[in-house]
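K.L.:
FYI, my numbering numbers position 103 of the sequence shown as 105, with every residue one higher than the one before it.
We treat Cβ as the ideally placed atom computed from N, Cα and C, and that holds for glycine.
Just so we're clear, the structure is a prediction, and the values are computed from it rather than from any experiment.
Here it is: the structure, laid out below.
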Amino acid sequence: MNLQPELTPRLPEGRWALFLDIDGTLLEHAAHPDAVSVSEELRLLLQTIERRLDGALAFITGRSVAAVDRLFDPLKLRTAGLYGLEHRLAPGGPVEAADEPADMAALADEIELELASQAVYVERKGPVLAVHTRAAPHLLARATKLVEQALERLPKGYRVIAGNAGVELMPLEAAKGAAIRRFMDIPPFAGRRPVFLGDDTSDENGFETTNAAGGISIRIKPRGPTAARHVIADVTGAIGWLQANFGNLAIETGRGEARRSRGP
């Protein structure tokens, strides 16, 4: 872990591949995952970045691909969902989806029965179970204990990831670093230098992978040690950094289109 990450630099010209976490990185967290929205400015920025990087842009997220599509509609960008258990390797292309195992469904029922009535949201994401405690932070320890106890009853091959405001149970192969490596093996990412922005414990594996590839790892709002070599203070700063490095024509393009639509 890097105890003293640096302020995030202005990137030099180069062939970059950009990987983005969503919640806490592009969007502020909310008490419920569905209580967030995407601005037209952010959609325009992402479209511009994808175009300027010749398509080498992908979401690397704990959300399912379907949830990402609903959030960013009508955009359907390259996405690794559920920490890499789901993939869409081409914009608008087919999705390699993941189903919910029966043993995970049964555990979700039990945890939901105990916690869901206490402002805790239990999110079923196929083979990933997420317990969100942002609206009830005093229950994070209890939720974590329940999930850790559940791990003992599952077949081998699962792990618990504790986050800033919740805890998740997922298969061992669910790893953002593996998702980044998969994209880096195919066009248009192959041969480029990776940049990964994330904000939580589940992103650390992605930072390590990015560092090993000689890329730029950036953690938003870091809390304690991180493998990321650079930091940005908040979501607003992250959007500003992306705008300055990858999409500085997006706003002017939008303004130009607006002026043309209004006429002289």
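1) Is the beta carbon of His34 within less than 6 angstroms of some heavy atom of the ligand NAD?
2) Starting from the Cα of Ala145, find the closest Cα among Ala240, His34 and Leu117 and give me that residue.
3) Can you check whether the CB of Gly64 is closer than 7 angstroms to the CB of Ala100?
4) Quick check: the Cα distance between Val237 and Asp25, rounded to an integer number of angstroms?
5) Taking DSSP as the reference, what is the three-state secondary structure of His31?
6) Label Ala107 either buried or exposed according to how many other C-beta atoms from any shown protein chain fall within 10 Å of its C-beta, with 16 as the threshold for buried.
7) Contact between the stretch 223-234 and the stretch 40-52: three or more CB pairs below 8 angstroms?
8) Under a three-way DSSP split, which group does Leu1 fall into?
9) When you compare each of Arg194, Ala176, Glu175 and Ala137 to Gly168 by their alpha carbons, which one comes out closest?
10) Flag this pair as yes or no: are the beta carbons of Leu199 and Ile220 separated by less than 7 angstroms?
11) Please state the DSSP three-state secondary structure of Glu1.
12) If you draw a straight line from the alpha carbon of Thr81 to that of Ala60, how long is it in whole angstroms?
P.N.:
In terms of the structure at hand:
1) As presented, the structure is devoid of all ligands, the ligand NAD included, so that no description of it is given.
2) Checked all of Ala240, His34 and Leu117; the closest Cα to Ala145 is Leu117.
3) Not in contact: Ala100 and Gly64 (Cβ atoms no closer than 7 angstroms).
4) Note on geometry: alpha-carbon atoms of Val237 and Asp25 lie some 9 angstroms from one another.
5) His31 falls in the coil class under three-state DSSP.
6) By the 10 Å Cβ count, Ala107 comes out exposed.
7) No: fewer than three Cβ pairs fall under 8 angstroms.
8) The structure shown does not extend to residue 1, since the chain is modelled only from 3 through 266, so no value can be given for it.
9) Checking every option, the nearest Cα to that of Gly168 belongs to Ala137.
10) A contact, by the Cβ cut-off of 7 angstroms.
11) As displayed, the chain neither begins before 3 nor continues past 266, which places residue 1 out of reach and without an answer.
12) Their backbone Cα atoms lie some 5 angstroms apart in a straight line.
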